[in-house]
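Participant: Take the sequence shown: its position 30, counted from the start at 1, is 34 in our numbering, and no numbers get skipped. Beta carbons: idealized from backbone N, C-alpha and C, even for Gly. Here the structure is a predicted model, which is why all the values come from computation and not from measurement. One structure, pasted below without further comment.
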Amino acid sequence: MLSGKEVAKHNSRDSCWIIVHGHVYDVTEFLDDHPGGSKIILKYAGKDATEEYDPIHPPDAITTNLPPEKHLGPVEPDTVERVEVEVTDEEKARLARIAARPPLSTILNLHDFEAIARQVMADKAWAYYSSAADDEITNRENHAAYHRIWFRPRVLRDVTEVDFATTILGHKSSMPIYITATALGKLGHPDGELNLTRAAGKHGVIQMIPTLASCSFDDIVDAALPGQVQFFQLYVNKDRKITKRIVQHAEKRGIKGLFITVDAPQLGRREKDMRMKFDAEDPSEVTQAGSEGVDRSQGAARAISSFIDPGLNWDDLKWFKSITTMPLILKGVQCWEDALEAYDRGLAGVVLSNHGGRQLDFARSGIEVLVEVVDKLKEKRGLTFPHEKFQLFCDGGVRRATDVLKAIALGATAVGIGRPFLYAYSAYGPEGMDRALEILHSEFEMNMRLLGAPTIKHVVPSMVDTSNIHTHIVAVPTDKLYDLNYESLQHAMLKEVKSKL
Ligand SMILES: Cc1cc2nc3c(=O)[nH]c(=O)nc-3n(C[C@H](O)[C@H](O)[C@H](O)COP(=O)(O)O)c2cc1C
């Protein structure tokens, strides 16, 4: 076992050792390849980097990226000096804002969480969670598209009791929503994805575990209650042996649905995230790194996802069926032709999604695609929805139970919600998650009554008017709550000007 004293000697570019989770790694040769730049590693040279490492890396990032001979073994815990983290003025100001959060009882809707999260989250975390691709047109459209669907409620129906429980891929859910997969959960809160697991168990909804979680897959599964259903989102690795191991392990651990992400052969350009990196780095270092062929400007997200296989194609689906009996669902389908192909190939469903606007800008919203998919699958294959054997899901921009009910009326089995839950726990921890799910619960109850729908089965296509869905024009003024939260993109700025802002 190594001593902290020995590790501390390797504190330079010539010999750089770091400690992560009680193990020592020699990262000297990796310094220039680190997607986050060498500077941040050198800050922890000879020291314990766990606290810095944890939120922005999946747990196995270091072990999979460093050759085994660079794993130097465990360190004697008592001999490691604590790293003094300097509290900057910005951080002090942020801590003051955290102390000034309004009580949870004043949080009335999911937008409120976003408004608070934006003010209290660390800049890096906010940039990663809130960012979307290019001009963020799709990100905003995801939300705006719901404004082009209006209700046709029914009256004089007995709505004394309303029941919005449903089944998703045959499993009970207390509401027609699920917590969709979002990477790097610890950026917002030290417990990361476990906040979602615990809340999902408590409130009877299903969590989709991401491949790039910051907690380990097993820890997330272990945190579930007995019988709690979980799905898994899969990024397919170029090395199929790794994918096979992950998939079969997920099945062994009781995962009930495999959602294969198909909209990310390369990660989109998320400029808020990228600018944050430029701010954090010495710009000269970034240029230098670029000239060495390592483009650090793309942010941690791209770096940790470089294993994703852009060669993934329809023919691979047979192989997936041969390695697992879990239902297979494609996440990120964006037109009826691909939904039909998925049906014809015997998949269990598709998620109509553009990855929260983080991939192809000007991809249409999931809810708009849902309308055409339902139409065309009826025309081409005689299907009606909801359909037990081939289920439709959508996600993106969902912030109200009314949004969800529109999708349900159109034929979706359930709807995925991403950022609002991240903001809820980033701003308020586990209690924030409770509040977010309670808010949705009471919104469902009221809106089902007002729609004249005692159960989910009563939420039918004739209850919505979608005649404007494809027009892509939003009435002005748009949604005040959303517009107040939406943070517009910045331009590049002169150095001096920037430092004064
Ligand atoms: C911070 C963040 C990380 C995400 N990570 C993943 C991921 O690792 N895999 C994936 O398939 N989708 C990922 N998504 C997309 C979500 O699963 C989902 O499609 C999207 O968040 C829905 O939009 P919403 O955030 O407006 O609810 C991510 C989204 C966000 C916001």
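1. Using a threshold of 8 angstroms, state whether the C-beta atoms of Val354 and Leu334 are closer than that.
2. If you measure between the beta carbons of Lys260 and Phe235, is that distance less than 8 angstroms?
3. Beta-carbon within less than 8 angstroms of Asp483's beta-carbon, same chain only, minus the 5 sequence neighbours each way: which residues are those?
4. Note down, in chain order, each residue of its chain lying with its Cβ closer than 7 angstroms to the Cβ of Gln237, except the 5 sequence neighbours on either side.
5. So what does DSSP say about Asn317, is it helix, strand or coil?
6. Roughly how many angstroms lie between the CA atoms of Ser7 and Gln395, to the nearest whole one?
7. Spatial neighbours of Leu321 within its chain, please: CB distance less than 6 angstroms, with the 5 preceding and 5 following residues excluded, ordered by chain position.
8. In angstroms with no decimal places, state the Cα-to-Cα distance between Glu296 and Asp36.
9. Residues in the same chain with beta-carbon distance under 7 angstroms from Val28, minus the five sequence neighbours each way, listed in chain order, please.
10. What do you get for Asp399, buried or exposed, if any count of 16 or more other CB atoms within 10 angstroms of its CB means buried?
11. In whole angstroms, give me the CA-to-CA distance for Gly401 and Phe425.
12. When DSSP builds the beta bridges, which residues end up paired with Trp340?
13. Let me confirm a value: Arg161 is counted as buried when at least 16 other C-beta atoms fall within 10 Å, else exposed. Which label applies?
14. With respect to 7 angstroms, is the separation between the Cβ of Gly360 and the closest non-hydrogen atom of ligand 1 below this value?
15. Hey, is Pro214 close to ligand 1, as in C-beta under 7 angstroms from one of its heavy atoms?
16. By Cβ distance below 8 angstroms, which residues in the same chain neighbour Arg279 in space, the five residues on each side in sequence not counted?
17. Any heavy atom of ligand 1 closer than 7 angstroms to the Cβ of Leu426?
18. Can you look up Asn15 in the DSSP assignment and give me helix, strand or coil?
19. Helix, strand or coil for Phe236, going by three-state DSSP, please let me know.
20. Identify the continuous alpha helix (DSSP H) that holds Lys382 and give its terminal residues.
21. For the beta strand (DSSP E) containing His462, name the first residue and the last one.
22. Can you list the alpha helix (DSSP H) stretches of 4 or more residues lying completely in the region 155-232, in chain order?
23. Just to confirm the assignment, what range does the beta strand (DSSP E) spanning Val251 have?
Facilitator: For this structure:
1. yes
2. yes
3. His147, Ala148, His151
4. Ala185, Met212, Ile213, Pro214, Thr215, Phe263, Thr265, Lys335
5. coil
6. 55 angstroms
7. Arg349
8. Because the pLDDT of Glu296 is 36, which lies under 50, any placement of that residue in the model is unreliable, and the question is left without a value.
9. Leu6, Val11, Trp21, Leu76, Gly77, Val79
10. buried
11. 12 angstroms
12. Partner(s): none; Trp340 has no beta bridge.
13. exposed
14. yes
15. yes
16. Ala131, Gln494
17. yes
18. strand
19. strand
20. 370-385
21. Counting along the chain, His462 falls outside any beta strand (DSSP E), and DSSP gives it neither H nor E.
22. 198-207, 221-226
23. First-last for Val251: 244-256, but that is the alpha helix (DSSP H), not the beta strand (DSSP E).
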